[in-house]
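Residue numbers (this note's numbering): 10 to 175. What follows is one structure encoded as structure tokens, with my remarks underneath.
Written out as structure tokens, the structure is:
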């Protein structure tokens with residue numbers, strides 16, 4: 010998967026996750042030191058995976074992500090995202106990650122300011138007991154090139170990148 014990661018910050022973050030995972034299935038959220046990931050911290054969402062019912066609460070919505078989206082989800086639930094199409098997509102990604110327990114690399118686009126913006130995102134699972142995914146980390150980096158319109162949204166599955174309609 011690391012060879013498929015285009016953004017160097019995301020590649021560093023994936024290596025950081027692998028290093029802290031060690032011989033375990035997942036690293037713990039306590040393994041994350043914000044100082045060690047400051048190069049990407051503004052583009053990170055830290056999400057608590059709640060059960061009974063399954064919901065996803067945003068513990069941290071990075072300032073860069075919040076500025077691009079024009080809203081801050083810190084302390085809110087993913088199902089409170091203001092755009093229905095992106096809300097369903099994000100909930101699906103969260104559910105996929107807690108079910109598989111495998112990191113996800115996503116090449117996708119979304120509408121921001123009436124333009125389609127391409128981005129690369131890395132979704133990483135964390136666990137407090139090394140069995141159940143309890144925390145999700147999503148680092149999302151928008152392409153620096155001029156945003157382009159596209160006809161379809163793209164999404165990914167574990168290990169490899171898939172392109173297609175949601």
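Where a beta carbon is used, it is the ideal one built from N, C-alpha and C, also for glycine.
Quick one: Cα of residue 58 to Cα of residue 87, how far?
Going by the C-alpha atoms only, they are around 10 angstroms apart.
Alpha carbon to alpha carbon, what distance is there between residue 53 and residue 77?
Roughly 12 angstroms separates the two Cα atoms.
Are the region 34 to 51 and the region 133 to 147 in contact at 8 angstroms, needing three or more beta carbon pairs?
Result yes; three or more Cβ-Cβ pairs closer than 8 angstroms.
Relative to the C-alpha of residue 83, which residue among 99, 102, 56, 104 is closest?
Nearest option by C-alpha distance: 56.
Of all the options 117, 32, 136, which has the alpha carbon lying nearest to the alpha carbon of residue 95?
Measuring from the Cα of residue 95, the nearest candidate turns out to be 117.
Rounded C-beta distance between residue 105 and residue 114? I'm assuming under 8 angstroms.
So it is not a contact: roughly 12 angstroms between Cβ atoms.
Measure the alpha-carbon distance for residue 134 versus residue 80 and round it to whole angstroms.
Roughly 24 angstroms separates the two Cα atoms.
Who are the Cβ neighbours of residue 6 in its own chain at under 7 angstroms, not counting the five residues just before and after it?
Past the edges of the chain, shown from 10 to 175, lies residue 6, and the structure says nothing about it.
In chain order, which continuous runs of the beta strand (DSSP E) of length 3 or greater are located wholly inside the region 36 to 64?
The region 36 to 64 contains these whole beta strand (DSSP E) runs: 53 to 59.
Please work out which residues of its chain come closer than 8 angstroms, Cβ to Cβ, to residue 20, disregarding the five sequence neighbours upstream and downstream, and give them in chain order.
For residue 20, where only same-chain residues beyond five positions count, the Cβ hits under 8 angstroms are 11, 14.
So the beta strand (DSSP E) residue 144 belongs to, where does it begin and stop?
Residues 142 to 151.
If you run the structure through DSSP and keep just helix, strand and coil, what is residue 164?
Unreliable placement is indicated for residue 164, whose pLDDT of 43 sits below 50; no coordinate value is reported for it.
Give the single residue among 51, 150, 45 whose Cα lies nearest to the Cα of residue 69.
Checking every option, the nearest Cα to that of residue 69 belongs to 51.
Taking a contact to mean a Cβ-Cβ separation below 8 angstroms, would you say residue 150 touches residue 47 in this structure?
Not closer than 8 angstroms, so no.
I'd like to check one pair, residue 22 with residue 90: are the Cβ atoms closer than 8 angstroms?
Contact flag unset, no.
So is residue 44 buried or exposed if we call it buried at 16+ other beta carbons inside 10 Å?
Under this definition residue 44 is an exposed residue.
Could you spell out the range, first to last residue, of the beta strand (DSSP E) harbouring residue 126?
Unbroken beta strand (DSSP E) run through residue 126: 124 to 136.
Here's the rule: buried if 16 or more other CB atoms are within 10 angstroms of the residue's CB, otherwise exposed. What is residue 160?
Interpretation of residue 160 is limited by its pLDDT of 35, a score under 50 that renders its predicted location unreliable; no figure is taken from the coordinates.
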